[in-house]
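Chains as they are written, first to last, in the working numbering: chain A, 26 to 174; chain B, 26 to 174.
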DNA sequence: TAATATATTTCAGTCCACTTAACTAATAGA
DNA sequence: TCTATTAGTTAAGTGGACTGAAATATATTA
């Protein structure tokens, strides 16, 4: 098997494992917190890239502004984001994630990390070094490539 | 920074990157295929662990059998699973993923793999070896630990 | 065999995410 | 200034995913 083929096969295998687990975990995360997938994506958007307006959320989700407005309203009501008037354009709103919203997301991330920790309890110190090296590379690849979308 | 701390921090960073990306990707997968998260989990269950009955799906999803039955009916109507009488107990149904259902899932997995391939286009051959080693370890950890849930 | 338990379905009703269409308010341009 | 555009909300209606309760059919057991 060529290196290239082996590389792709490895990604394939890991992708299947990860998909299978992630979907279950994500559904549970949404159920526990009473959030839809659109709401989670919105929270991540605000968490990672800072405040924006209602239409921008709609565009990212691929839904109408009406849908976006309603979805956001539910997040505001549940205290996960804040909706204020944009001082530079009073037609627009500024959406900001609240402390509570951050906490919810960070708990989700922590759950995932715990899964990986559980996964790796059997590794030797040496194997952990390999995992650290690989995931560090992948994380910085993502920082360079994965952010435009 | 101790090795243990560094290991956890690495998992934390990767988890955040992966969560952020995955939620977007999963929503798109569901939208494109017109599937709910419950339906995707059901398909994965049948794909990976073979046929089972309606109640077992409901239990896994944490919903009532009524909900499970309805959800399954939509999957049957869309041709992704098959519902036949269990010959050993005629009260029960046997749910099996169809060829079409397999294809849908495999396309989802392929999309994820492509994302990782894109991510890693900048790696050197040597770095790829490290990534292969790490992901292979993680995949087999998951095979041992991650399946009970 | 009669009573009970199990597997699934059907029904009525709720909630949420989405749509289109109509609306308000503010900005930008001739 | 008058008009068109832009940002967002509101209203009415659709469909999916859920619930509890009732119904059906089969299996188990006393």
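Backbone N, C-alpha and C define an ideal beta-carbon position, used for all residues, glycine too.
Think of a sphere of 9 Å around the beta carbon of residue 81 (chain A): no beta carbon from chain B falls inside it, the nearest being about 14 Å out.
With respect to chain A, the C-beta atom of residue 77 (chain B) has no partner C-beta closer than 8 Å. When the Cα atoms are used, residue 27 (chain A) and residue 48 (chain A) turn out to be separated by approximately 32 Å. For the set B:129, B:97, B:74, the Cα lying nearest the Cα of residue 80 (chain B) is the one of B:97. One thing to note: residue 125 (chain B) has its Cβ no nearer than 8 Å to the Cβ of residue 100 (chain B).
Proximity to residue 31 (chain A) across B:154, B:167, B:163 peaks at B:154, based on C-alpha coordinates. Within the segment 103-173 of chain B, the runs of alpha helix (DSSP H) at least 4 residues long that lie entirely inside it are, in chain order, 124-144, 150-170.
A buried status is given to residue 41 (chain B), since no fewer than 16 other beta-carbon atoms sit within 10 Å of its beta-carbon.
A direct Cα-to-Cα measurement between residue 146 (chain A) and residue 88 (chain A) gives close to 42 Å. Within chain A, no C-beta atom comes nearer than 8 Å to that of residue 110 (chain B); the closest sits roughly 28 Å away.
Here the C-alpha atom of residue 76 (chain A) lies approximately 34 Å from the C-alpha atom of residue 156 (chain A). Judged by DSSP secondary structure, residue 40 (chain A) falls within the alpha helix (DSSP H) whose first and last residues are 28-58.
Taking a Cβ-Cβ threshold of 7 Å, the residues of chain A close to residue 65 (chain B) are 48, in chain order. In this chain, the alpha helix (DSSP H) harbouring residue 62 (chain B) covers 62-74. Only those residues of the segment 110-144 of chain A whose C-beta falls short of 7 Å from the nearest C-beta of chain B are listed: 133, 134, 137, 138, 141, 142, 143, 144.
By the C-beta density criterion, residue 164 (chain B) is buried, having at least 16 other C-beta atoms within 10 angstroms. Contact check between the segment 107-114 of chain B and the segment 123-143 of chain A: fewer than three CB pairs, one atom from each, fall below 8 Å, which does not count as touching.
Chain-order list of chain A residues neighbouring residue 38 (chain B): 164, by C-beta distance under 7 Å.
For residue 84 (chain B), the uninterrupted alpha helix (DSSP H) run begins and ends at 79-86, by DSSP.
Relative to residue 53 (chain B), the option among A:35, A:46, A:63 whose CA is nearest is A:63. For the set B:167, B:55, B:78, B:74, the Cα lying nearest the Cα of residue 115 (chain B) is the one of B:78. In this structure residue 57 (chain B) is exposed. Its beta-carbon is surrounded by fewer than 16 other beta-carbon atoms within 10 angstroms. By the CB criterion at 8 Å, residue 36 (chain B) and residue 142 (chain A) fall inside the cutoff. The beta carbon of residue 57 (chain B) does not come within 8 Å of any beta carbon belonging to chain A, so the residue lies off that interface. For residue 157 (chain A), a Cβ of chain B is located within less than 8 Å of the residue's own Cβ. Taking all protein chains shown into account, residue 118 (chain B) has 16 or more neighbouring C-beta atoms within 10 Å of its C-beta and is therefore buried.
For a cut-off of 8 Å, the C-beta gap from residue 128 (chain A) to residue 68 (chain A) is around 11 Å, too long to register as a contact. Restricting attention to A:160, A:167, A:170, the CA atom closest to the CA of residue 33 (chain B) is found in A:160. Taking CB atoms only, residue 147 (chain A) has a neighbour in chain B less than 8 Å away.
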